[in-house]
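To start, the structure under review is shown below, and the notes come after it.
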């Protein structure tokens with residue numbers, strides 16, 4: 032755990048849309064955020080709470096009205112320490128909501144190869160990168176020559192993510208990667224994200240509405256409301272803070288919510304369970320006494 | 495999306511002109527346009543200019559909005575003026591340089607063209623400043639209604655316009671999103687080579703077309719599933735009937751272009 036390196040730190044950042052116009056809107060106020068290497072970080076909160084805006088600050092697409100963002104990664108700053116936007120865009124792989132909308136090439140292979148080709152690499156290098164990204168995302172080789180538009184939504188999303196991975200980013204940012212997928216595809220994608228972290232030692236930021244995936248996958252969770260970070264910490268710290276979650280109206284994990292009801296009927300838990308296994312262990316311990 | 499895109503130049507101030515019937519406003523625009531072309535003596539251009547500023551004041555709009563609409567056309571104005579000044583035939587030569595001659599007639603003609611183009615743009619801008627896109631297409635439908643006799647699909651035409659206007663902001667957001675997504679994959683849109691630059695837009699255009707077709711398809715299905723059958727027997731949720739005020743406004747416009755028409759007829763018979 033000591034080897035964890037800070038990749039991005041955001042300090043007291045404010046962000047305002049349409050500044051100076053009648054439609055002005057403060058999207059972020061006083062946000063502090065940190066991203067560490069090889070960690071999965073989740074952002075949860077209601078729609079309009081500023082999650083997507085925060086995520087767009089991460090690769091320098093948008094600049095904050097005030098506050099400071101620091102990138103501590105290799106190769107994104109020039110000698111003077113100024114950030115090179117072009118490098119930043121690829122160092123932080125951004126996967127937008129419904130990434131399948133960005134696919135445009137004739138074949139799956141060409142689409143994944145779009146990024147590496149922009150970097151003017153040799154054909155051999157490109158092929159190696161494309162096949163590696165495809166393997167990481169679990170895209171089978173016989174799909175490579177197919178048109179991406181014949182594929183199902185879930186597979187197409189994998190292709191789109193593979194296209195971003197082919198840029199060999201140091202961090203992967205996913206804005207609601209599960210949106211619109213069926214439960215089986217969601218599980219598969221969740222597993223893939225964990226494998227990605229294992230295999231590439233990459234850090235992942237995920238915006239999610241699904242608390243269960245956030246709890247199961249993340250090392251660190253930020254919980255947002257009205258442009259502020261209201262709650263942050265490990266999944267256990269966040270999801271066992273039932274009072275605060277109730278106040279924020281984020282909702283509870285099924286296990287935590289069941290445990291709360293059980294507490295009312297007299298069952299005591301040593302630590303607030305956040306998944307089914309912990310809940311069962313807690314109940315057995317209570318009755319085993 | 496938090497980003498609101500104001501379509502066209504519509505500036506709601508809730509004035510009487512904003513509330514007036516779009517049909518009458520479109521007819522008024524036509525009348526004023528005709529009057530611009532009827533001007534035979536230069537002082538009448540200033541009369542029409544004063545009229546447009548008067549309308550602007552009633553609409554409770556600031557002159558800045560009008561100037562903003564004219565800004566992109568400055569080049570056109572200057573070009574028409576210069577072309578007319580430099581190439582018009584005339585006897586009274588004021589200045590000569592090579593093939594270029596500046597004549598008195600040329601100056602007058604240049605001034606006339608300049609005033610005509612600016613007045614046309616000013617009146618059209620006044621319409622779009624005071625009428626929302628939806629009202630505008632409603633008004634066009636009303637105006638085209640007589641064409642139904644010759645089997646012109648008036649309702650379908652108006653619907654096409656409404657949909658086209660409605661989806662402009664959506665497409666703007668879409669382009670922005672796709673552009674950023676492709677940038678994350680290393681796309682570069684600022685290549686100094688023009689051909690490369692044109693090529694770099696393919697990754698934006700293809701996804702844009704695909705999502706637009708998909709959206710059009712979904713819209714068609716959504717409309718059909720709500721029993722949309724075209725204009726036949728269709729009524730409006732907000733039914734607007736032209737009242738006294740609307741006809742009063744039309745009468746005012748007619749009255750205000752009366753001097754121009756009279757002047758035209760007098761000069762015509764000369």
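Residue numbers (the working numbering), protein chains in the order written: chain A, 32 to 320; chain B, 495 to 764. Positions of the beta carbon are idealized from the N, C-alpha and C atoms, including for glycine.
Taking C-alpha atoms, which residue in the options lies nearest to residue i?
i: residue 265/A; options: 274/A, 258/A, 253/A; result: 253/A
i: residue 235/A; options: 275/A, 160/A, 97/A, 251/A; result: 251/A
i: residue 255/A; options: 282/A, 98/A, 230/A, 229/A; result: 282/A
i: residue 90/A; options: 706/B, 715/B, 721/B, 675/B; result: 675/B
i: residue 517/B; options: 621/B, 590/B, 746/B; result: 621/B
i: residue 134/A; options: 121/A, 178/A, 108/A, 115/A; result: 178/A
i: residue 582/B; options: 605/B, 704/B, 764/B, 728/B; result: 605/B
i: residue 127/A; options: 163/A, 207/A, 70/A; result: 207/A
i: residue 626/B; options: 716/B, 712/B, 752/B, 506/B; result: 506/B
i: residue 46/A; options: 279/A, 92/A, 65/A; result: 92/A
i: residue 196/A; options: 220/A, 288/A, 160/A, 118/A; result: 160/A
i: residue 318/A; options: 306/A, 307/A, 300/A, 305/A; result: 300/A
i: residue 165/A; options: 117/A, 140/A, 156/A; result: 140/A
i: residue 113/A; options: 121/A, 303/A, 124/A, 100/A; result: 100/A
i: residue 504/B; options: 555/B, 533/B, 704/B, 689/B; result: 555/B
i: residue 543/B; options: 617/B, 647/B, 712/B; result: 617/B
i: residue 260/A; options: 71/A, 218/A, 181/A, 85/A; result: 85/A
i: residue 662/B; options: 709/B, 639/B, 685/B, 633/B; result: 709/B
i: residue 608/B; options: 565/B, 696/B, 682/B, 575/B; result: 575/B
i: residue 564/B; options: 660/B, 761/B, 647/B, 614/B; result: 614/B
Between residue i and the rest of its own chain, which residues show a CB-CB distance below 8 Å, the 5 nearest in sequence each way excluded?
i: residue 245/A; result: 73, 75, 237, 239, 252, 266
i: residue 226/A; result: 167
i: residue 38/A; result: 66, 67, 68, 102, 103, 104, 201, 202, 234
i: residue 55/A; result: 47, 48, 49
i: residue 685/B; result: 691, 694
i: residue 753/B; result: 538, 541
i: residue 580/B; result: 594, 595, 596, 600
Since I believe residue j is in contact with residue i (beta carbons under 8 Å), could you give me their beta-carbon distance rounded to a whole number of angstroms?
i: residue 553/B; j: residue 511/B; result: 4 Å
i: residue 15/A; j: residue 205/A; result: Nothing can be reported for residue 15/A: it is not among the residues displayed for chain A, which extend from 32 to 320.
i: residue 198/A; j: residue 679/B; result: 6 Å
i: residue 138/A; j: residue 175/A; result: 7 Å
Can you check whether the C-beta of residue i is within less than 7 Å of a C-beta belonging to chain A?
i: residue 505/B; result: no
i: residue 675/B; result: yes
i: residue 705/B; result: yes
i: residue 627/B; result: no
i: residue 516/B; result: no
i: residue 753/B; result: no
i: residue 566/B; result: no
i: residue 679/B; result: yes
i: residue 715/B; result: no
i: residue 587/B; result: no
i: residue 700/B; result: yes
i: residue 640/B; result: no
Establish whether the CB of residue i and some CB of chain B are separated by less than 7 Å.
i: residue 168/A; result: no
i: residue 186/A; result: no
i: residue 76/A; result: no
i: residue 282/A; result: no
i: residue 277/A; result: no
i: residue 217/A; result: no
i: residue 109/A; result: no
i: residue 160/A; result: no
i: residue 121/A; result: yes
i: residue 198/A; result: yes
i: residue 57/A; result: no
i: residue 201/A; result: no
i: residue 135/A; result: yes
i: residue 250/A; result: no
Within the same chain, show all residues whose beta-carbon is closer than 7 Å to that of residue i, passing over the 5 residues directly before and after it, in chain order.
i: residue 172/A; result: none
i: residue 656/B; result: 628, 631
i: residue 598/B; result: 584, 586, 588
i: residue 150/A; result: none
i: residue 310/A; result: 286, 289, 290, 304
Can you name, in chain order, every residue of its own chain whose Cβ lies under 6 Å from the Cβ of residue i, other than the five neighbours on each side?
i: residue 747/B; result: 522, 525
i: residue 515/B; result: 736, 740
i: residue 185/A; result: 212, 216
i: residue 81/A; result: 58, 59, 255, 258
i: residue 697/B; result: 676, 681
i: residue 275/A; result: 262
Along chain E, which residues have their Cβ under 8 Å away from the Cβ of residue i?
i: residue 709/B; result: The structure shown contains no chain E; the protein chains it does contain are A and B.
Chain-ordered residues of the stretch 681–695 of chain B with a beta carbon less than 8 Å from chain A: 681, 682
Interface positions of the stretch 643–671 of chain B facing chain A (Cβ-Cβ less than 7 Å), listed along the chain: 671
Residues in the stretch 249–274 of chain A having any Cβ partner in chain B nearer than 8 Å: none
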